[in-house]
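In the working numbering, the protein residues as written are 10 to 381.
Presented below is the structure to which this report refers.
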């Protein structure tokens, strides 16, 4: 198959990483993989794994982006993909208008993935116009069915898969540990609670500070590590977190690491990973990665994160927004070395790839096209 994936850019984030990983799996299976985006640092690993990248400014949420419709239509006529897979709303508008402008017999099959629970409005509705929809979790599927006029048989749930070989439990590289402790000596001989995720109010970093403050009262060796970049315009939130650290007296117990590319090592270094989002997230990629590394996770029971933990590590589930129960669960897990963790097959990257290819083949067969 010739497959074109489309998303805004390849800078950072779960959707972007998933796109690059899926593209690599397509190449391994002998398919032709092309990605269309505005580019970014993840283009290099994408191309190194055998995919082609085409750069177009399709990322801006502006009417001017629709000026890309004609050149993208010409691109589709040149590439002649069997399948177009759109993963975000603005690029989906460009693709859909370009696709509709093609003669019906020349149109590739069009698939979209709902990676999130988008606001319900005409702009977001473009994601439901594809021939078939993929939802990344059951909660996303329910959201789509409740808010968009989509027949049940036009949507398939495919969990986001993780390359468990990359995150499998293994000894931590001593050189990596030495370098980290040289840069952050305050982390030496501490019980590390790791909170991955960009700095954003709804991600729950403020609640994480409250959790650490309570844990420190019982164990002075507890240390919270926050990993994630500061979103544009969020400096006020960073200032708010700094002020709360002052109020709680946590200067010696909290470290911000910023955006990192060594998450595998950080998962192995941590004693516990925390997920405290204040609203349902579509899926829990960081949770699956942490669990695949052998590190237990505590999370509020909501959204895709809850689906992941119910399947892989139910001992880490806590009632939503119950900070006291979260602290108690964390204390219990910190006292239990090597808790049982199981990653079902559907959360593996290979399973996600095969399930997605199965959707592609079925749709192409409906169009009378036979592929392998």
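Beta carbons are placed, not taken as given, at the ideal position from N, Cα and C, and that holds for glycine.
*Give the DSSP bridge partners of residue 92, in chain order.*
12, 118
*asked:* Taking a contact to mean a Cβ-Cβ separation below 7 Å, would you say residue 90 touches residue 13 in this structure?
replied: yes
_Reduced DSSP secondary structure (H/G/I, E/B, other) of residue 49_ = coil
*In three-state terms, what does DSSP make of residue 126?*
coil
*Ends of the beta strand (DSSP E) at residue 144?*
141-144
*Where does residue 31 fall in DSSP's three states?*
helix
*Going by other Cβ atoms of all chains shown within 10 Å of its Cβ, with 16 needed for buried, is residue 283 buried or exposed?*
buried
*7 Å Cβ cutoff met for residue 236 and residue 205*: yes
*Whole alpha helix (DSSP H) elements within the stretch 171-200, 4-residue minimum*: 173-176, 183-192
*Report buried or exposed for residue 111, applying the criterion of at least 16 other Cβ atoms within 10 angstroms of its Cβ.*
exposed
*Range covered by the beta strand (DSSP E) that runs through residue 373*: Not the beta strand (DSSP E): residue 373 falls in the alpha helix (DSSP H), residues 358-375.
_Taking 7 Å as the threshold (beta carbon to beta carbon), is residue 311 in contact with chain D?_
In the displayed structure, chain D is absent; only one protein chain is listed.
*Less than 8 Å between the CB atoms is what I'm expecting for residue 100 and residue 154, so what's the real figure, rounded?*
With a Cβ gap of about 24 Å, residue 100 and residue 154 do not count as contacting.
*asked:* Which complete alpha helix (DSSP H) runs does the stretch 247-318 hold, if anything under 4 residues is left out?
replied: 272-278, 294-301
_Span of the beta strand (DSSP E) around residue 73_ = Where residue 73 is concerned, there is no enclosing beta strand (DSSP E), given that its DSSP letter is neither H nor E.
_Can you tell me where the alpha helix (DSSP H) holding residue 103 begins and where it ends?_
98-109
*Round the Cβ separation of residue 232 and residue 264 to the nearest angstrom and send it over; I've been treating them as touching at under 8 Å.*
7 Å
*Top-ranked residue by Cα proximity to residue 78, from 102, 323, 68*: 102
*Kindly indicate which three-state DSSP category residue 237 falls into: helix, strand or coil?*
coil
*So, helix, strand or coil for residue 149, using DSSP?*
helix
*What did DSSP end up calling residue 205 once you bin it into helix, strand or coil?*
strand
*First through last residue of the alpha helix (DSSP H) which encompasses residue 378*: Counting along the chain, residue 378 falls outside any alpha helix (DSSP H), and DSSP gives it neither H nor E.
*Under the assumption that residue 289 contacts residue 148 (Cβ atoms under 8 Å), give the Cβ distance between them as a whole number of angstroms.*
6 Å
*Are at least three pairs of beta-carbons, each pair with one atom in the stretch 217-229 and one in the stretch 173-187, less than 8 Å apart?*
no
*Indicate the three-state DSSP secondary structure (helix, strand or coil) for residue 225 in the structure shown.*
helix
*Counting Cβ pairs, one atom from each stretch, are 3 or more of them under 8 Å apart for the stretch 333-343 and the stretch 301-317?*
yes
*asked:* Any contact between the stretch 317-333 and the stretch 344-359? By contact I mean 3 or more CB pairs, one from each, below 8 Å.
replied: yes
*According to DSSP, is residue 164 helix, strand or coil?*
strand
*asked:* Taking the alpha carbon of residue 341 as the reference point, which residue from 369, 280, 296 has its own alpha carbon closest?
replied: 280
*Selected residue, minimal CA-CA separation from residue 42, among 72, 57, 50*: 57
*Whose CA, out of 318, 40, 45, 83, lies closest to the CA of residue 370?*
40
*Give me the Cβ distance between residue 18 and residue 60, rounded to the nearest whole Å; I'm assuming they're in contact under 8 Å.*
Not quite, the Cβ-Cβ distance comes to about 15 Å (not below 8 Å), so this is no contact.
*Is residue 211 buried or exposed, if buried means 16 or more other CB atoms sit within 10 Å of its CB?*
exposed
*Could you tell me which of 285, 230, 293, 168 sits nearest to residue 327, measuring between CA atoms?*
285
*Find the nearest neighbour of residue 362 within the set 33, 296, 136, 152, judged by alpha-carbon distance.*
33
*Counting pairs of Cβ atoms below 8 Å between the stretch 260-277 and the stretch 108-127, do you hit three or more?*
no
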